[in-house]
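Asker: Quick note, the sequences are listed as chains C and V, same order.
First residue of the first sequence? That's 1 in my numbering, and the numbers climb one at a time after it.
First residue of the second sequence? That's 1001 in my numbering, and the numbers climb one at a time after it.
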Amino acid sequence: MGQKTTLEERYGNKGTALGHVRGLGASKGGTHHWLMQRFTAVGNLLLVGFLMVSLVLLPNYSWATVHNWLSHPVPATALALMMVNTFYHARLGLQVVIEDYADTPGNKLALMLPVAVLLVGGAAFGLVSIARIALGGE
Amino acid sequence: MADRPLSPHLQIWRWGPHMAVSILHRATGDGMALVGLPILIWWLGSIASGPDAYATFASIMGSPLGMVVLVLLSWAFFNHMSSGIRHFVLDIGGGYEIDTNKRWSIGSISSGIILTALFWAAIVLI
């Protein structure tokens, strides 16, 4: 280092400097993960905010009151979106924790698979429950 | 793991608010993912299943221990939300000066506690 060399001397004449290093870092990628974490964070701000305000405004928490509230289109839509958004955000967050504390690629995979399955399953269960409340009638 | 020296870990640094806000962000996020989301879908599933299932949910989560869990979860949300907004500011390159960083770290932890108190006051009063 320190000597002045041209790009061609350093990298040969094929491809760009970026092309030679892209994907070689320890994490392989991450921009999409980072962006989706932020996008879903903004979504959560709105959607969980909607749930918290709704919980404050509900007159009581009897089954009839809560069921009637969630059978309306706007709360049902908001909570359905919240299922997708919060579970996606949770998956991204838990992935970072697993990557930080699991030491080998095998352990990472062994933790990530059940986490992904449980979170997709949980979101699906929530969506089916909301659909039944919103579409199931009395 | 390769047998190589590790970087200095937690015990070597002087504890500061920026460290507290960082680990609280992770702890509250994990708490909501591992405890909050299961309770959330249990709640939705019990509403969908009918009054009897909902009564079981309400009696367990309405018990003193259940209420403690709900209060902690609401705090986890407001704390994670506050430090998450702080993250957005850091993402656009603001708030890295030591004084500012310290002030906003303490601010986001305080905001989490204050919003939790306001939330439960509103639940009780409205």
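For glycine and all other residues, C-beta sits at the position ideal for the given N, C-alpha and C.
May I ask you to list, following chain order, the residues of the region 1082-1101 of chain V that have a beta carbon less than 9 Å from some beta carbon of chain C?
Answerer: Those would be G1084, I1085, H1087, F1088 and D1091, in chain order.
Asker: For a contact defined as C-beta to C-beta under 9 Å, what are the partners of I133(C) on chain V?
Answerer: The residue you call residue 133(C) lines up with position 133 of the first sequence. What I133(C) touches in chain V: L1044, I1047 and A1048.
Asker: Using CA atoms only, rank isn't needed, just tell me which of L81(C), P105(C) and H33(C) is closest to L47(C).
Answerer: Position 47 of the first sequence, counted from the first residue, corresponds to residue 47(C). The shortest Cα separation from L47(C) among L81(C), P105(C) and H33(C) belongs to L81(C).
Asker: Would you check if the region 1065-1073 of chain V and the region 1029-1045 of chain V touch, i.e. whether three or more CB-CB distances between them fall below 8 Å?
Answerer: Verdict: yes, contact present.
Asker: Please identify the residue among G1094(V), G1084(V) and I1047(V) whose C-alpha is closest to the C-alpha of T1028(V).
Answerer: Taking the second sequence and counting its residues from 1, one reaches residue 1028(V) at position 28. Closest option to T1028(V), Cα to Cα, is G1084(V).
Asker: When DSSP labels each residue in this structure, what does W34(C) get in the three-state scheme?
Answerer: Within the first sequence, the letter at position 34 stands for residue 34(C). The answer is helix: DSSP assigns W34(C) an H, G or I state.
Asker: Does G43(C) come out as helix, strand or coil in the three-state DSSP assignment?
Answerer: Stepping through the first sequence from its first residue, residue 43(C) is reached at position 43. The answer is helix: DSSP assigns G43(C) an H, G or I state.
Asker: So L1037(V) packs on A116(C), CB below 8 Å; how close in whole Å?
Answerer: Counting from one through the second sequence, the residue named residue 1037(V) turns up at place 37. Counting from one through the first sequence, the residue named residue 116(C) turns up at place 116. Not really, about 14 Å apart at Cβ, beyond 8 Å.
Asker: Can you check which of these residues, A124(C), L135(C) and W69(C), is closest to W1042(V) by C-alpha distance?
Answerer: Counted from its first residue, the second sequence places residue 1042(V) at position 42. Answer by Cα proximity: A124(C).
Asker: Is the region 94-114 of chain C touching the region 1005-1017 of chain V, taking contact as three or more C-beta pairs under 8 Å?
Answerer: Taking 8 Å as the limit for Cβ pairs, the verdict is that the region 1005-1017 of chain V does not touch the region 94-114 of chain C.
Asker: Just how far apart, CA to CA, sit K28(C) and L119(C)?
Answerer: Here residue 28(C) refers to the residue found at position 28 when the first sequence is read from its first residue. Here residue 119(C) refers to the residue found at position 119 when the first sequence is read from its first residue. For K28(C) and L119(C), the distance between alpha carbons rounds to 24 Å.
Asker: Restricting to Cα atoms, I'd like to know which of T6(C), Q95(C) and S71(C) is closest to H33(C).
Answerer: On the first sequence, position 33 is the one that residue 33(C) refers to. Residue Q95(C) is the option with its Cα nearest to H33(C).
Asker: Where does I1092(V) fall in DSSP's three states?
Answerer: Here residue 1092(V) refers to the residue found at position 92 when the second sequence is read from its first residue. Three-state result, I1092(V): coil.
Asker: Taking only beta-carbon positions, decide if S1074(V) is within less than 9 Å of chain C.
Answerer: Along the second sequence, read from residue 1 onward, the residue named residue 1074(V) stands at position 74. Chain C contact via Cβ: present.
Asker: Helix, strand or coil: how does DSSP classify I1126(V) here?
Answerer: Within the second sequence, numbered from 1, the residue matching residue 1126(V) stands at position 126. Coil, per DSSP.
Asker: Please state if the CB of H1080(V) and the CB of H1018(V) are separated by a distance shorter than 9 Å.
Answerer: Locating residue 1018(V) in the second sequence gives position 18, where the first residue counts as 1. Locating residue 1080(V) in the second sequence gives position 80, where the first residue counts as 1. Result no, Cβ atoms of H1018(V) and H1080(V) do not sit closer than 9 Å.
Asker: Beta-carbon of I1012(V) versus every beta-carbon of chain C: anything under 9 Å?
Answerer: Along the second sequence, one-based indexing puts residue 1012(V) at 12. By this cut-off, I1012(V) is not an interface position.
Asker: Can at least three beta-carbon pairs, one atom from the region 1055-1067 of chain V and one from the region 70-80 of chain C, be found at a separation below 8 Å?
Answerer: Contact fails: fewer than three Cβ-Cβ distances are below 8 Å.
Asker: In chain order, what residues of the same chain lie with their CB nearer than 6 Å to the CB of V56(C), ignoring the 5 residues before and after it?
Answerer: Translated into the one-based positions of the first sequence, residue 56(C) becomes position 56. Cβ neighbours of V56(C) beyond the five flanking positions: none.
Asker: Unbroken alpha helix (DSSP H) runs of length 4 or more, entirely within the region 1020-1078 of chain V: which are they?
Answerer: Those alpha helix (DSSP H) runs which fall completely within the region 1020-1078 of chain V and span 4+ residues are 1037-1049 and 1051-1061.
Asker: Classify R1086(V): buried if its beta carbon has 16 or more other beta carbons within 10 angstroms, exposed otherwise.
Answerer: In the second sequence, residue 1086(V) corresponds to position 86, counting from 1. The residue is buried, with at least 16 neighbouring Cβ atoms inside 10 Å.
Asker: Check the Cβ of L1037(V) against every Cβ in chain C and list those closer than 7 Å, keeping chain order.
Answerer: Taking the second sequence and counting its residues from 1, one reaches residue 1037(V) at position 37. Within chain C, the residues near L1037(V) are T86, F87, A90 and G122.
Asker: Just the chain V side, please: which residues come within less than 8 Å of I130(C) by C-beta, in chain order?
Answerer: Taking the first sequence and counting its residues from 1, the one referred to as residue 130(C) is at position 130. Neighbours of I130(C) on chain V, chain order: L1044 and A1048.
Asker: Please go through the same chain and pick out, in chain order, the residues whose beta-carbon is closer than 8 Å to the beta-carbon of A41(C), but skip the five residues on each side of it.
Answerer: Residue 41(C) sits at position 41 when you count from the first residue of the first sequence. Cβ neighbours of A41(C) beyond the five flanking positions: H89.
Asker: Going by the beta-carbon positions, is the gap between L79(C) and I130(C) smaller than 9 Å?
Answerer: Taking the first sequence and counting its residues from 1, one reaches residue 79(C) at position 79. Taking the first sequence and counting its residues from 1, one reaches residue 130(C) at position 130. Against a cut-off of 9 Å, the Cβ pair of I130(C) and L79(C) comes out as a contact.
Asker: Helix or strand or just coil, what does DSSP make of K108(C)?
Answerer: Along the first sequence, read from residue 1 onward, the residue named residue 108(C) stands at position 108. It is helical.
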